[in-house]
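Quick note, the sequence shown lines up with residues 477 to 1006 if you use this note's numbering.
Glycine included, every Cβ here is placed at the ideal spot set by N, Cα and C.
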Amino acid sequence: MCGILAVLGCSDPSRAKRVRVLELSRRLKHRGPDWSGLHQHGDCFLAHQRLAIVDPASGDQPLFNEDKSVIVTVNGEIYNHEEIRKKLSHHTFRTGSDCDVIAHLYEEYGEDFVDMLDGIFSFVLLDTRDNSYIVARDAIGVTSLYIGWGLDGSVWISSEMKGLNDDCEHFECFPPGHLYSSKDGGFRRWYNPPWYSEAIPSAPYDPLALRQAFEKGSPDLKAGKEVADYLGTVHHEFTFTVQDGIDAIEDVIYHVETYDVTSIRASTPMFLMSRKIKSLGVKWVISGEGSDEIFGGYLYFHKAPNKEEFHQETCRKIKALHQYDCQRANKSTFAWGLEARVPFLDKEFINVAMNIDPENKMIKKDEGRIEKYILRKAFDDEENPYLPKHILYRQKEQFSDGVGYSWIDGLKAHAAKHVTDRMMLNASNIYPHNTPNTKEGYYYRMIFERFFPQNSARLTVPGGPTVACSTAKAVEWDASWSKNLDPSGRAALGVHDSAYENQNNVVNKPVEFEKIIPLEAASVKVAIQG
């Protein structure tokens, strides 16, 4: 994957504008350190920063059709590109890039081809024959994308907010599963799965079918397993101190582009780990985003009152992934030119998993059914075990908790030294939108506003009460949670084995700032490509 920037229909197609677009594109160079490209057609500019994985020799972008009348700049990986090439055998492809199929699909099917793509992507396609264009983002929003509008009537597209925030009058997150067409002048949803309506499914649970859907829909997982089986798994442990993490907070907020507390807590160790992984010469990794949302893996799901609310909460969580876990994974890794792929968010796998009667996903401790039980059970193979039993059935730990509990405690203590009680009293006047209700949240907000002072920027970050990463709706499941609002899994009182006894004990707890926190790469499977 890569970084893309497009300026479409600007009033100034001069050399100076080209220089400005190049300057802004360089803000995305961390996403694609291998090569860069810029193509101008009249009043439209398409720029690209490339992380070369498929066809590194000839797959530079922008990409074209045979006569160069269709131009595409893409961030992503198209997993079924070989299958598509066979269907388009009468076309001549210029490169071996997986993304080369997009322009040719457009030639065949017009704007109605996006659902044919299996992968994670965001792209801009310019048809120079009529100067029309389309922009699309993958189903769940694994790749990050923003859209903005200039005062001159131009439309801006960027993989990250920093590519357009200084030049647009208004900008916002590009919605996942949508397409923007210049011919229609607006968005339309191309991804319409059955679960999106939140209707309660009724398909029986079949562990073999679930497992096969995961393995079949995850080509990277299969390839990674073959490599691991052939070479033998090599386990890496990376460590950092609380102070190392605190020192990285400003860089994390700049790269991840959020002030959301749980995102920053989890992004920091992922940001540090990604730097270590990239130093090993690795270009892409497999990560587990989406499994907790699909299967109700967060600890607060223990309190789901019935299968209907359980299912509706999983639907809400999946729809919001692009603002939380996907944004964290995409930007924390790409800060160092590392790509994270997410097999749990394969479209086919989601359809299978979300069609299962949610009664099977309900957590019932008296029956031995813990969080994500049906997923664990699908891989509980006595003859060829994937994992030791005590690991397979280990209690859920959120990433920001799992690296070491002193990490979050240390963040709170650090924020308390920089945000006074008087500052908190005036928080609603200083930050009327998404007013921070903790000193930690206030501290992150100050840093964010320094990097991204525009009102549009602060509106891109979601808000609302949460317990253990719940939506605001799920906070209603337990009356005690409204008095203990914190995104940490330990806020799930009565569920987590190391739950907070009360909020005051956490805030006042002394912290050893030089305590070493183990950060295990086992949570992200590393696949090295030769």
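Count the other CB atoms, across all protein chains shown, that sit within 10 Å of the CB of residue i; report buried if there are 16 or more and exposed otherwise.
i, result
"V546", "buried"
"H778", "buried"
"T809", "buried"
"I867", "exposed"
"N980", "For N980, the predicted structure reports a pLDDT of 47, less than 50, and the residue's modelled location is therefore unreliable. A value from the coordinates is still provided. With fewer than 16 Cβ atoms within 10 Å of its Cβ, N980 is classed as exposed."
"G721", "buried"
"Q871", "exposed"
"Q803", "buried"
"K915", "buried"
"S739", "buried"
"A492", "exposed"
"N931", "exposed"
"Q537", "buried"
"L627", "exposed"
"Y862", "exposed"
"K837", "buried"
"R605", "exposed"
"E858", "exposed"
"G772", "buried"
"S673", "exposed"
"R665", "exposed"
"T947", "buried"
"G518", "exposed"
So which of the options has the shortest CA-CA distance to residue i?
i, options, result
"N831", "Q803, P908, Y869 and L686", "L686"
"S678", "Q871, A829, E859 and R852", "A829"
"R934", "E648, T549 and V728", "E648"
"H712", "S630, W671 and L756", "L756"
"F927", "A811, T911, Y776 and Y730", "Y730"
"S904", "A892, H894, K893 and G917", "G917"
"K949", "H787, S630, I554 and E553", "H787"
"G617", "S635, K692, T568 and W511", "S635"
"I884", "R741, F690 and P929", "R741"
"D614", "T604, L655, D574 and A579", "L655"
"V943", "N860, W666, Y776 and H894", "Y776"
"E559", "H506, D576 and G552", "D576"
"D603", "D842, K544 and A523", "K544"
"L640", "A805, F855, S501 and W666", "S501"
"K659", "E691, Y920, N607 and P669", "N607"
"K638", "S657, V732 and I826", "V732"
"K759", "H506, E499, R494 and S490", "H506"
"P652", "D897, N541, L821 and S565", "L821"
"Y774", "E785, I762, T790 and F663", "T790"
"H798", "F650, E726, L887 and K563", "F650"
"H813", "S490, D510, M922 and N827", "Reading the sequence as shown, one finds Gly at residue 813 and not His. Among S490, D510, M922 and N827, the Cα nearest to that of G813 is on D510."
"P669", "T896, E843 and I826", "I826"
Flag this pair as yes or no: are the beta carbons of residue i and residue j separated by less than 8 Å?
i, j, result
"I633", "V590", "no"
"T734", "V937", "yes"
"G508", "G479", "yes"
"K793", "E824", "no"
"K795", "P834", "no"
"S487", "G629", "yes"
"I846", "Y869", "yes"
"G586", "I554", "no"
"Q417", "L504", "In the structure as shown, the chain begins at 477 and stops at 1006. Residue 417 is therefore absent and cannot be evaluated."
"K752", "F714", "yes"
"L481", "V497", "yes"
"V728", "E765", "no"
"A579", "V548", "yes"
"H894", "Y919", "yes"
"E583", "N556", "no"
"E1007", "L527", "It is not possible to answer for residue 1007, since the shown part of the chain is limited to 477 through 1006."
"L748", "F716", "yes"
"I610", "S573", "no"
"P781", "W671", "no"
"G1032", "S598", "Absent from the structure is residue 1032, since the part of the chain shown begins at 477 and ends at 1006."
Starting from residue i, follow its DSSP beta bridges and name the residues at the other end.
i, result
"Y920", "According to DSSP, Y920 bridges with nothing at all."
"H646", "W625"
"F589", "DSSP output for F589 lists no bridge partner at all."
"Q472", "Given a span of 477 to 1006 for the chain in the structure shown, any question on residue 472 remains unanswerable."
"H654", "R665"
"E553", "I596"
"W632", "V483 and G624"
"Y609", "L602"
"F540", "I547"
"C520", "L484 and H517"
"V943", "D962"
"K1010", "Outside the shown range of the chain, which is 477 to 1006, sits residue 1010, and nothing can be said about it."
"A679", "I832"
Nearer than 7 Å: is that true of the beta carbon of residue i relative to any heavy atom of the ligand PLP?
i, result
"Y681", "Here there are no bound small molecules, and the ligand PLP is not part of this structure."
Taking contact to mean at least 3 C-beta pairs separated by less than 8 Å, is the region 612–623 in contact with the region 632–646?
yes
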